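2 protein chains.
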Amino acid sequence: MPGTKASESTRREQILSAAYAVAARRGLQGTRIQEVAEHAGVSHGLVLFYFKSKRGLLLALLDWLLATTTVLHVGRDIIRLRSPAARLQALLRQEMNRLSNEPVRIRLTFDFWTAGIRDAEIRLKMQQELQRYRDAFRPLATSVLAGDPVQFRGVTADGLAAVSVSVIKGCAVQAMIDPEHFDIRQFLAATESLMALMLRPAAA
Amino acid sequence: MPGTKASESTRREQILSAAYAVAARRGLQGTRIQEVAEHAGVSHGLVLFYFKSKRGLLLALLDWLLATTTVLHVGRDIIRLRSPAARLQALLRQEMNRLSNEPVRIRLTFDFWTAGIRDAEIRLKMQQELQRYRDAFRPLATSVLAGDPVQFRGVTADGLAAVSVSVIKGCAVQAMIDPEHFDIRQFLAATESLMALMLRPAAA
DNA sequence: TTGCGTATTGATTGACGAGTCAATAGCTTC
DNA sequence: GAAGCTATTGACTCGTCAATCAATACGCAA
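Rendered as structure tokens:
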């Protein structure tokens with residue numbers, strides 16, 4: 001009764017992409033191996049053959065999710081921008097675009113955050129991701145701080161990076177839960193004004 | 205075999221508070237009626253007698269959670285503060301204190317956010333809560349905008365309120381998932397500097 | 001072509017947990 | 001103290017789903 005065979009990497013990919021679709025629809029806990037298997041066109045036994053347990057599947061899915069997420073790529077076009085605040089701004093804008101363009105991915109990530117509350121292994125991976133996120137912001141934050149040492153006395157680059165990340169993640173939360181009353185454009189306009197404030201030279 | 209009886213409101217309270225404890229530990233999906241019952245010292249049949257289903261219990265828990273959450277109380281001490289930005293600042297600080305002092309509550313709220321992704325009834329309640337949150341910030345935001353119409357051209361009070369909420373919620377996310385690398389003090393220092401920027405009169 | 005190794009299947013098991021319900025004990029009323 | 005109401009119980013049913021495993025067909029090597 002076995003069907004046609006395929007290479008291991010093909011099968012894993014196939015199953016993971018099915019798991020992605022199912023988990024997006026049903027949530028992590030609500031993901032049934034049966035449904036993933038159907039979606040991938042294989043038997044549920046095969047899913048367990050490759051990933052050994054549901055937990056194994058979900059952990060692999062998380063790795064896959066993080067690996068296929070364009071990790072906050074500070075592209076050349078952004079680096080080219082002269083002012084640090086302008087770069088920070090471009091980064092924010094880029095990330096917020098992701099929010100509208102990849103809602104499914106964001107939703108899943110969200111789900112993994114929650115799972116991470118109780119599962120140490122998941123939490124570790126999410127911590128690393130947050131850290132990468134903050135790290136990506138830090139050099140920019142450093143430049144901004146250097147631009148106005150007086151105003152930013154006592155503020156660390158880490159602190160400012162964390163705030164930047166907060167704005168993004170907080171935006172994600174609102175956009176996800178309350179898309180109707182949450183206007184991304186207004187949000188962007190407000191953040192950009194705040195950026196501009198950081199740019200503005202200190203009043204002599 | 206029935207045990208001693210109690211008033212309906214007592215029992216509901218008793219069960220809900222047990223559900224709170226259990227849900228905090230196990231997560232919403234992981235909450236078993238059996239465990240809630242044991243924790244409340246009643247039979248699991250009674251839990252269903254009062255709440256009719258697991259879903260009913262969780263929805264009631266959500267109501268209870270929102271009702272017992274000090275809803276962003278803009279206290280007298282805050283209102284008394286002269287400058288709007290100072291009030292905004294005080295509000296932010298107050299909310300961030302909640303993050304450290306009531307981690308359990310925050311974790312549960314987080315869980316409900318995730319549940320709200322797939323459950324319309326839960327989502328609605330969470331939307332209302334976000335809306336209340338933004339509403340509480342709006343008057344302050346309005347004042348801030350009025351203070352520097354040039355700088356904030358094109359920025360709406362809603363937008364600025366949404367950013368404020370983002371900062372809080374994003375802070376919650378990071379504090380929850382990565383408490384080790386997330387330094388609330390640095391975070392506060394950074395936000396306060398940003399607040400100060402908004403206060404600063406435009407350079408002539 | 002034959003034979004071997006393994007990827008694949010699907011029937012099966014076992015556990016768990018939500019929801020039902022008839023029996024019953026506690027409270028209230030007269 | 002009797003009767004009636006209902007809150008409370010716990011045994012039960014039913015469905016679901018993860019995980020196991022023996023059987024089997026496919027692909028490959030000789």
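So the sequence lines, in the order shown, correspond to chains A and B. So for the first sequence, the working numbering puts the first residue at 1; every next one is plus one. So for the second sequence, the working numbering puts the first residue at 205; every next one is plus one. Using N, Cα and C, we set each Cβ at its ideal position, and we do this for glycine too. All values derive from a computational prediction rather than experimental measurement.
Point to revise | Where residue 151/A sits in the DSSP three-state scheme | key: For residue 151/A, the secondary structure class from DSSP, reduced to helix, strand or coil, is coil.
Review point. When the cut-off is 8 Å and only beta carbons count, does residue 195/A lie next to chain B?
Key: Not an interface residue.
Review point. Going by alpha carbons, who is nearest to residue 220/B out of 335/B, 231/B, 340/B, 254/B?
Key: Measuring from the Cα of residue 220/B, the nearest candidate turns out to be 254/B.
Check your understanding: What does a CB cutoff of less than 7 Å around residue 211/A pick up in its chain, not counting 5 residues either side in sequence?
Key -> This structure does not reach residue 211/A, given that chain A is present from 1 up to 204, and the question cannot be answered.
Review point. Sorted by chain position, which residues of the same chain lie with C-beta nearer than 8 Å to residue 204/A's C-beta, five sequence neighbours on each side aside?
Key: With a pLDDT of 43 at residue 204/A, under the threshold of 50, the modelled position of that residue is not reliable, and the figure given next carries that caveat. Excluding residues within five positions, none has a Cβ falling inside 8 Å.
Point to revise | Status (buried if at least 16 other CB within 10 Å, exposed otherwise) for residue 124/A | key: If you draw a 10 Å sphere on the C-beta of residue 124/A, you find fewer than 16 other C-beta atoms in it, and that means exposed.
**Study point:** Runs of alpha helix (DSSP H) wholly within the stretch 89-134 of chain A (minimum 4 residues, chain order)
**Key:** Listed in chain order, they are 103-118.
Practice item. Using alpha carbons as the reference points, say which of 108/A, 60/A, 30/A, 36/A lies closest to residue 9/A. Key: For the residues 108/A, 60/A, 30/A, 36/A, the minimum Cα distance to residue 9/A belongs to 60/A.
Point to revise | Rounded separation between residue 400/B and residue 150/A - CA only | key: The alpha-carbon atoms of residue 400/B and residue 150/A are separated by roughly 12 Å.
Exercise for review: Quick one: list the residues of chain B neighbouring residue 59/A, beta-carbon separation under 9 Å, in chain order.
Suggested key: Neighbours of residue 59/A in chain B, taken as residues whose beta carbon is under 9 Å from its own, are absent, since the nearest beta carbon is some 16 Å off.
Exercise for review: Indicate the three-state DSSP secondary structure (helix, strand or coil) for residue 408/B in the structure shown.
Suggested key: Low per-residue confidence applies at residue 408/B: pLDDT is 43, beneath 50, and the placement is therefore not dependable, though the value from the model is reported in the following sentence. In the three-state DSSP reduction, residue 408/B falls in the coil class, being neither helix nor strand.
Check your understanding: Along chain A, in chain order, which residues have C-beta atoms closer than 7 Å to that of residue 393/B?
Key -> Under the 7 Å cutoff, chain A gives 154, 155, 159.
Check your understanding: Of all the options 43/A, 20/A, 33/A, which has the alpha carbon lying nearest to the alpha carbon of residue 4/A?
Key -> Ranking 43/A, 20/A, 33/A by CA distance to the CA of residue 4/A puts 43/A first.
Point to revise | DSSP three-state assignment for residue 383/B, whether helix, strand or coil | key: In the structure shown, residue 383/B sits in coil (DSSP, three-state: anything other than H, G, I, E or B).
Review point. Quick one: does residue 367/B have its CB under 8 Å from some CB of chain A?
Key: Yes, contact with chain A.
Check your understanding: Which of the three DSSP states, helix, strand or coil, is assigned to residue 210/B?
Key -> In this structure, residue 210/B counts as coil in the three-state DSSP scheme.
Exercise for review: Could you tell me how far apart the beta carbons of residue 326/B and residue 266/B are, in whole angstroms, since I believe they sit closer than 8 Å?
Suggested key: Between residue 326/B and residue 266/B the beta-carbon gap is near 6 Å, inside 8 Å, which marks them as a contact.
Exercise for review: Measure from the C-beta of residue 110/A to each C-beta in chain B and report whether the shortest distance is under 8 Å.
Suggested key: Taking Cβ atoms only, chain B reaches closer than 8 Å to residue 110/A, which makes this a yes.
Review point. Under three-state DSSP, which class holds residue 273/B?
Key: Secondary structure of residue 273/B (DSSP, three-state): coil.
Review point. Ends of the alpha helix (DSSP H) at residue 193/A?
Key: Residues 184-199.
Point to revise | 6 Å Cβ shell around residue 378/B - same chain, five flanking residues per side excluded | key: Around residue 378/B: 386.
Exercise for review: Apply the 10 Å Cβ neighbour rule to residue 169/A and answer buried if 16 or more other Cβ atoms are within range, or exposed otherwise.
Suggested key: Burial of residue 169/A is indicated by the presence of at least 16 other C-beta atoms within 10 angstroms of its C-beta.
Exercise for review: Could you tell me whether the Cβ of residue 382/B comes closer than 8 Å to any Cβ of chain A?
Suggested key: Closer than 8 Å: yes.
**Study point:** Top-ranked residue by Cα proximity to residue 12/A, from 28/A, 32/A, 47/A
**Key:** Ranked by how close their Cα comes to the Cα of residue 12/A, the residues 28/A, 32/A, 47/A have 47/A in first place.
Practice item. Using a Cβ cut-off of 7 Å, pull out every chain A residue sitting near residue 386/B, in sequence order please. Key: Chain-order list of chain A residues neighbouring residue 386/B: 162, by C-beta distance under 7 Å.
Check your understanding: Applying a beta-carbon distance threshold of less than 8 Å, which residues of chain B neighbour residue 186/A?
Key -> Those are 359, 360, 362, 363, 366, listed as they occur along chain B.
**Study point:** Start-to-end residues for the alpha helix (DSSP H) that takes in residue 28/A
**Key:** Careful: residue 28/A lies outside any alpha helix (DSSP H) and carries neither H nor E.
Practice item. Note down, in chain order, each residue of its chain lying with its Cβ closer than 7 Å to the Cβ of residue 361/B, except the 5 sequence neighbours on either side. Key: Around residue 361/B: 342, 345, 346, 349.
Practice item. Measuring only between beta-carbons, confirm whether residue 298/B sits less than 8 Å from chain A. Key: Not one chain A Cβ lies under 8 Å of residue 298/B.
Check your understanding: The alpha helix (DSSP H) spanning residue 249/B covers which residue range?
Key -> DSSP places residue 249/B in the uninterrupted alpha helix (DSSP H) bounded by 248-255.
Practice item. With 8 Å as the threshold, decide whether the Cβ of residue 89/A is near any Cβ in chain B. Key: Output row for residue 89/A: interface = no.
Exercise for review: Measure the C-alpha to C-alpha separation of residue 322/B and residue 27/A and round it to an integer number of angstroms.
Suggested key: A straight-line Cα-Cα distance of about 8 Å links residue 322/B and residue 27/A.
Practice item. Kindly list, in the order they appear in chain A, the residues whose Cβ is closer than 7 Å to that of residue 318/B. Key: Below the 7 Å Cβ cutoff, chain A contributes 110, 111, 114 as neighbours of residue 318/B, in chain order.
Check your understanding: Roughly how many whole angstroms lie between the Cα atoms of residue 237/B and residue 31/A?
Key -> For residue 237/B and residue 31/A, the distance between alpha carbons rounds to 21 Å.
**Study point:** Where residue 308/B falls, given that 16 or more other Cβ within 10 Å makes a residue buried
**Key:** By the 10 Å Cβ count, residue 308/B comes out exposed.
Exercise for review: Thinking residue 155/A and residue 294/B are a contact (beta carbons under 8 Å), I'd like their distance in whole angstroms, please.
Suggested key: That pair is no contact at about 19 Å.
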